[in-house]
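*Asks:* Residue numbers (this note's numbering): 299 to 686.
Here a beta-carbon is modelled for each residue, glycine too, at the ideal position from N, C-alpha and C.
Please read these numbers as outputs of a predicted model, since none were measured by experiment.
Below is a structure I'd like to ask you about.
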């Protein structure tokens, strides 16, 4: 906090009349300065706002116009001085009671890993052109990525020779692997039977794919123990995770029809591919290896990347492939996934089967199977984009 003020010569080091040469004229303190200003207001001097602050080196004209010096003269605190040779400085508090301004202190930022620490604004985020690529998934914007990830001069020359290399292909987990929905349903069925709870049907388990287990039990299944006690809901959620992880390790992953052929074709033309997984990195690698798809995906998105929704995962995948969202094709199999991909400003190919094709009319391309897809179909999807 600012301490008692002093008046000393402005610039030359000489003091005003009534003080020794070279010695600053120290005032009693802030309270006396305020009383002098009040006396100046009472005598018709210019009113000084209480919210204004004098800087540490105030020019003589502002000090004279403020009326503070004249108020101090009338209060008997200062003799006749030359105001043109004075300035205001703030000296350390030499004693007396210090004002308590602790309520004005700025609270400390949370440390990394604490609640709120991941969402703190870093002033270096916008230090350069590519800073949008370093934001967390919940702060990514598709419009920014479309601008930042546009190909540079070297890439434009390369894409003019091989146009397909300028696009990226994103595969959803359920589109690539067979039996993932059944695995999810069987895990919920085992948890319900072990705790004597109503067994959810396949439609209910399909609605909670990708959601937190405790939210599925309270919002969709409406299990009474989970509704009455949140601790019981967390306990059931832990049991579901144990059952699901055990079944995941025992499951024999196989690729859906047409997936391996399409991946081989895309790799032949050097089109980067990314797998958007709902599992951790180790489980994703194990599933890809057991399905015989090792080396077909250049990148993949897992739960370690921090994406909470399908849309956030798609934007993270675009960054990993270094392709703008508008030049990426996403393979989806449900209407809400198609909507998430369109919100990410990407092209969508909907694979019907679990959902009929008329429920995914907003997709750019609708397929009965991946066997029906050709490279010419992919090029037609991007026909409105200049190949450069």
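1. Based on DSSP bridge pairs, tell me the residues matched to residue 281.
2. What residue does the alpha helix (DSSP H) around residue 441 start on, and which one ends it?
3. So, at 6 Å on beta carbons, what are the nonlocal neighbours of residue 632 in its own chain, with the 5 sequence-adjacent residues on each side left out?
4. Starting from residue 613, trace the alpha helix (DSSP H) in both directions and tell me its first and last residue.
5. Buried or exposed: where does residue 681 fall if 16 or more other Cβ atoms within 10 Å of its Cβ makes it buried?
6. In whole angstroms, give me the CA-to-CA distance for residue 513 and residue 545.
7. Per DSSP, residue 529 forms a beta bridge with which residues?
8. Considering only DSSP beta bridges, list what residue 467 is partnered with.
9. Within its chain, find whatever has a CB closer than 6 Å to the CB of residue 549; leave out the 5 residues flanking it on each side and keep chain order.
10. Per DSSP, residue 663 is paired with what?
11. Using a threshold of 9 Å, state whether the C-beta atoms of residue 572 and residue 467 are closer than that.
12. Determine the DSSP secondary structure at residue 476, reduced to helix, strand or coil.
13. What does residue 689 pair with, by DSSP beta-bridge criteria?
14. Please classify residue 674 as buried or exposed, where buried requires at least 16 neighbouring CB atoms within 10 angstroms.
15. Just confirm the distance between the C-beta atoms of residue 474 and residue 557, as a whole number of angstroms; I'd bet it's less than 8 Å.
16. What separation, rounded to the nearest whole angstrom, lies between the Cα atoms of residue 639 and residue 536?
17. Using CA atoms only, rank isn't needed, just tell me which of 576, 499, 592 is closest to residue 611.
18. Quick one: give me the first and last residue of the alpha helix (DSSP H) that residue 581 is part of.
19. Which whole-angstrom value is the C-beta distance of residue 679 and residue 663, which I expect to be below 8 Å?
20. When the Cα atoms are used, what is the spatial distance from residue 511 to residue 538?
21. Looking at residue 634 and residue 608, is the spacing between their C-beta atoms short of 9 Å?
22. Could you spell out where the alpha helix (DSSP H) holding residue 458 opens and where it closes?
23. Around the C-beta of residue 624, are 16 or more other C-beta atoms found within 10 angstroms, so that it is buried, or is it exposed?
24. Please work out which residues of its chain come closer than 8 Å, Cβ to Cβ, to residue 553, disregarding the five sequence neighbours upstream and downstream, and give them in chain order.
*Replies:* Per the coordinate set shown:
1. Outside the displayed range of the chain (299 to 686) lies residue 281, so it cannot be described from this structure.
2. Per DSSP, residue 441 belongs to the alpha helix (DSSP H) from 440-446.
3. Sequence-distant Cβ neighbours of residue 632 in its own chain, meaning closer than 6 Å and more than five residues away, are 653.
4. For residue 613, the enclosing alpha helix (DSSP H) has its first and last residue at 608-619.
5. Label assigned to residue 681: exposed.
6. Their backbone Cα atoms lie some 21 Å apart in a straight line.
7. Answer is none; residue 529 lacks a bridge partner.
8. DSSP lists 571, 627 as partners of residue 467.
9. Here the set comprises 481.
10. Answer by DSSP bridge pairing, in chain order: 647.
11. Judged by beta-carbon spacing, residue 467 lies within the 9 Å limit of residue 572, meaning their Cβ atoms are closer than that value.
12. Strand at residue 476.
13. In the structure displayed, the chain extends from 299 to 686; residue 689 sits before or after that span and is not available.
14. It is exposed - the Cβ of residue 674 has fewer than 16 other Cβ atoms within 10 Å.
15. Contact holds; Cβ gap of about 5 Å.
16. Approximately 31 Å, taken between the alpha carbons.
17. Looking at the Cα atoms, 576 is the closest of the given residues.
18. Secondary structure note for residue 581: its alpha helix (DSSP H) is the uninterrupted segment 579-588.
19. The pair is a contact, with the Cβ atoms about 6 Å apart (cut-off 8 Å).
20. Roughly 7 Å separates the two Cα atoms.
21. Yes. Within cutoff.
22. Going by DSSP, residue 458 is part of the alpha helix (DSSP H) stretching over 451-459.
23. Taking all protein chains in view, the Cβ of residue 624 is crowded by 16 or more other Cβ atoms within 10 Å, so the residue is classified as buried.
24. Residues 474, 475, 476, 589, 590, 591 of the same chain have their beta carbon placed closer than 8 Å to that of residue 553, with the five preceding and five following residues left out of the count.
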